[in-house]
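According to the working numbering, the sequence shown is numbered sequentially starting from 1063.
Below is one structure, written out as structure tokens; comments come after it.
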Amino acid sequence: MKDLLRTQDLCRADVELLLDTAAEFAANPLRSNTALANKTVAIYMTKPSTRTRLSSETAVAHLGGTPIFIRGDELQLGRGETIADTARIISGYCSALIIRTFAQSDVNELGTHASIPVINALTDDDHPTQLLADWLTIREQFGKDISGRKFVYLGDGNNMSHSWLLMGAIMGAHVVTATPTGAWAPDPLVVAVAQKIALQSGGKIEILHDPEAAAQDASVLYTDVWMSMGDSDDERDEKVVALSPFAVTENLMSLTQKDSVFMHCLPAHRGEEVEASVIDGTRSLIWREAYHRRTTIQSLLYHLIRGDLKGSSQ
């Protein structure tokens, strides 16, 4: 496996290896500080970023490499150079490319034409690196045995809902999404892929539209912002009305397991998708989750450069 372009590119063995190594990087960030010695990694972002940029640059540095950050307006792509040509040029200078952008098709095309590993650090459709951080946080909290546990995503059926469905299926987990019907439900094509993977892994995928039914006996309640980058402000009022019943509140948390936790990929809007008392409370894992963006990207770079990942057939 050369690239991580989509969450479903990973098999369970890949995820377990990545999480094992990420846990080692959490304990000792500099344990492999020559893995990228004398190498550069391009970090290309057309979307603003806090955690992804900082974690990616830090991960490269901890492996002994040099990160090269490139804004969306700094390449000739904006003046008509093709993605294929850009991929070949970056491959000639760098040892890996981390990209955060809008269109999944752009990431796929970069992966096709680049001779170096390409890592999807967020598109409008998927966010695989976030799910690695999420799953390591879950493993720290609950251990590797997740039998009998339910993981619930509430809110907009966006890239995070897609990634949760896919990663949960890969890991053989019981994953529930609770979203409005219609425009803000998960993409049916992604749901179908997740269900297919779950049939093989022993996982369970549920698509619900009742937040209280979804939260009942859950181990994790997870949410994301309601207005993603690229969403039109014209639809904000309608979207907020539709998503308001899916806000994570103290009342919703009271329906979950006694050892349940709250997670959020950040940035967060307190008083909108989550109550401040929940996200800032003792059951919130958001800071550890954010910390693991670095450990998991570091692990991903380490293993992709070495060619250690098998990939899936999905």
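Beta carbons are placed, not taken as given, at the ideal position from N, Cα and C, and that holds for glycine.
Model, not experiment: these values are computed from the prediction.
Going by C-alpha positions, ALA1099 is about 24 Å away from ARG1113. DSSP, read as helix, strand or coil, puts ASN1182 in strand.
Sorting ALA1121, PRO1179 and ASP1296 by C-alpha distance to the C-alpha of ILE1359 places ALA1121 at the top. In this structure, the beta-carbon distance from TRP1226 to VAL1238 does not fall below 7 Å.
Annotated as proximal: TYR1106 and ILE1132, with beta-carbon spacing under 7 Å.
For SER1375, the closest C-alpha among the options VAL1253, LYS1258 and THR1128 is that of LYS1258. Counting C-beta atoms within 10 angstroms of its own C-beta, ASP1196 has 16 or more neighbours from the protein chains shown and is therefore classed as buried. HIS1326 places its beta carbon 7 Å or farther from that of THR1199. Counting of Cβ neighbours within 10 angstroms places TYR1155 among the exposed residues, the total staying below 16. The beta carbon of GLU1351 sits closer than 7 Å to the beta carbons of ALA1195, ASP1196, THR1199 and MET1325 from its chain, once the five residues preceding and following it are set aside; these are given in chain order.
A distance below 6 Å between beta-carbons, with the five flanking residues on each side excluded, links LEU1371 to the following residues of its chain, in chain order: MET1063, ASP1076 and HIS1365.
In chain order, ALA1231, LYS1266 and ILE1267 place their CB closer than 7 Å to the CB of ALA1260, counting only its own chain and leaving out the 5 sequence neighbours on each side. Under the three-state reduction of DSSP output, ALA1277 falls in the helix class. In its chain, beyond the 5 residues on either side, no residue has a beta carbon closer than 7 Å to the beta carbon of GLY1333.
In this structure, LEU1081 lies near ARG1201, with their beta-carbon atoms less than 7 Å apart. Cβ neighbours of GLN1278 within its own chain (closer than 8 Å, five residues either side excluded): LEU1317 and THR1318.
PHE1087 places its beta carbon 7 Å or farther from that of SER1306. Judged by DSSP secondary structure, ARG1332 falls outside any beta strand (DSSP E); it is assigned neither H nor E.
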